[in-house]
Amino acid sequence: TPLAQTALGTLLTWGLTALGAGLVFLVPAGYSHARLLNASLGFAAGVMTAASFWSLLDPAIDMARGSGSYGAKGEFAWLPVAIGFGVGAAFVVGADRLLTALGVAGGDGDDLVKELTGSASGKPRSASNNLLLDSAADCNSVGVQLPELLTVNAAAALRRRGGGGASSGRDGGSVEFAEDWNAEDESQAKQFRHGGGPSWRRVLLLVLAITVHNIPEGLAVGVSFGAIGAVSNNSSSSQEDNKGHFEAARNLAIGIGIQNFPEGLAVSLPLHASGMSPLKSFWWGQLSGMVEPIAGLLGCLLVSIATPLLPYALAFAAGAMIYVVFDAIVPESTDSKLTSAGCIVGFIVMMVLDVGLS
């Protein structure tokens, strides 16, 4: 039945999303998290930018033009796309403000992360303003896993001494806990460690954007298989017509599934690079594709209602993704060249998949 075909098709797209997210388990344990984070943020930005056009905006314009509802020749096909795009971006803005209001993002955690990583201006601080730690244990002692460079002002728990009894720094100085480490400093460290900083904001906005992007794709698969049932109910339809509709729907599901592969990786890789465990990164990555079976079944059941809404839904997802790219992903990078290289690679990969499977 079309409903069973939809379920199988969208389970395939979800499975390939999970497979892409699972590549996070192959990341070498000793690989630099700072470099991986910048490269993976760029890759995610490239994938999402390419997907926004070839997977969402271009099909939305074609659907609006072919519907005949936006001018005799489709001259107003831009209207539903522009509306959906703007509403999608506004949706993410609202979600971001809601997260901030709930204390999930923003606040002192943002400032602490900028201080700890020296990235308030997007550039590393000079050596004279930094304190080099001997080992990761020094970072762990304040409950923060970071690169070796830690600023004196941000740490607040560490200070230099020339005397003994402290662990030696690499420049001949020494490091030990400051006696004035107080409850406020501990609170800030806990807030950073447990999700008060931009890492959790990035987590939520990344997952939100990819999830929103997957909803109209699931709807598209469901509508395609649901159309088979509509054609079958037409007495004038032939077996060849049904076969043609099934093959088109099947190819759409396979194409969307393959496109979802790098999208799963685009979520899990930055999360792992920002300090999340591989298992949790995989969980969030595959979770972004879990909405497709639900959306697909709804699209199949409500094919007559869902079809006119698809141009709006596709453009809505594109607006959400583009906003997240420019607001939450690109600004988080601290190595512009590495991020740009990752962005180019991600864009090319997604463009090849979208165009090659269209």
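Every number in this note's numbering is 23 more than the matching position in the sequence shown, counting from 1.
In this text, a Cβ means the ideal position worked out from N, Cα and C, and glycines have one as well.
Distance, residue j Cα to residue i Cα
| i | j | result |
| --- | --- | --- |
| Ile281 | Val326 | 24 angstroms |
| Leu376 | Val70 | 10 angstroms |
| Val47 | Val116 | 29 angstroms |
| Leu393 | Val246 | Any answer about residue 393 is impossible in this case: the structure gives the chain only from 24 up to 381. |
| Thr36 | Ala276 | 7 angstroms |
| Arg273 | Ala30 | 12 angstroms |
| Phe76 | Pro239 | 14 angstroms |
| Val383 | Ile345 | With the chain represented from 24 up to 381, any question about residue 383 goes unanswered, as that position is not in the structure. |
| Ile106 | Leu228 | 21 angstroms |
| Ala41 | Leu34 | 10 angstroms |
| Leu39 | Ser92 | 35 angstroms |
| Val50 | Gly365 | 16 angstroms |
| Val269 | Ala67 | Note that residue 269 corresponds to Phe in the displayed sequence, not to Val. Cα-Cα distance, rounded: 32 angstroms. |
| Trp101 | Gly322 | 23 angstroms |
| Ala113 | Pro354 | 19 angstroms |
| Ala266 | Ala336 | Note that residue 266 corresponds to Lys in the displayed sequence, not to Ala. Near 28 angstroms, if we compare the C-alpha coordinates of Ala336 and Lys266. |
| Thr24 | Ala340 | 29 angstroms |
| Leu90 | Ser300 | Note that residue 90 is Ser in the sequence shown, not Leu. In a straight line, the C-alpha of Ser90 is about 46 angstroms away from that of Ser300. |
| Asp119 | Leu292 | 22 angstroms |
| Gly379 | Pro103 | 26 angstroms |
| Ala74 | Leu26 | 27 angstroms |
| Ala271 | Leu125 | 45 angstroms |
| Ile251 | Thr330 | 14 angstroms |
| Ile352 | Thr72 | 11 angstroms |
| Ser363 | Met374 | 16 angstroms |
| Gly45 | Phe99 | 42 angstroms |
| Ser359 | Val347 | 17 angstroms |
| Pro334 | Leu122 | 28 angstroms |
| Ile367 | Gly109 | 25 angstroms |
| Ala338 | Gln309 | 23 angstroms |
Local Cβ density within 10 Å of residue i, reported as buried at 16 or more and exposed below that
| i | result |
| --- | --- |
| Gly278 | buried |
| Ser304 | buried |
| Arg88 | buried |
| Leu302 | exposed |
| Ala343 | buried |
| Asn283 | buried |
| Gly43 | buried |
| Phe349 | exposed |
| Gly249 | buried |
| Gly111 | buried |
| Gly369 | buried |
| Gln28 | buried |
| Leu294 | buried |
| Ser297 | buried |
| Ala243 | buried |
| Ala232 | buried |
| Gly166 | Its pLDDT being 40, under 50, Gly166 is placed unreliably by the model, and the measurement read from it follows with that caveat. Exposed, since its Cβ has fewer than 16 Cβ neighbours within 10 Å. |
| Ala95 | exposed |
Rounded distance between the beta-carbons of residue j and residue i, thought under 8 angstroms
| i | j | result |
| --- | --- | --- |
| His236 | Leu79 | 7 angstroms |
| Val230 | Trp306 | Actually they are not in contact, since the Cβ atoms of Val230 and Trp306 sit about 10 angstroms apart, beyond 8 angstroms. |
| Ile317 | Gly241 | 7 angstroms |
| Gly319 | Gly97 | Not confirmed; about 27 angstroms, so no contact. |
| Leu361 | Arg58 | 6 angstroms |
Cβ contact (3+ pairs, closer than 8 angstroms) linking the segment 84–101 and the segment 301–318: Flag = no, the segment 84–101 and the segment 301–318 do not touch.
Any contact of the segment 284–302 with the segment 60–76, i.e. 3+ C-beta pairs under 8 angstroms? Yes, the segment 284–302 touches the segment 60–76.
For the segment 87–127, list the alpha helix (DSSP H) runs that are entirely contained and at least 4 residues long, ordered along the chain. Correct list: 101–124.
Fully enclosed by the segment 32–75, which alpha helix (DSSP H) runs are 4 residues long or longer? Assignment of alpha helix (DSSP H) within the segment 32–75, counting only whole runs of 4 or more residues, yields 56–73 in chain order.
Beta strand (DSSP E) runs contained entirely in the segment 274–298, provided each spans 3 or more residues: Residue ranges of uninterrupted beta strand (DSSP E) with 3 or more members are absent from the segment 274–298; none lies entirely inside it.
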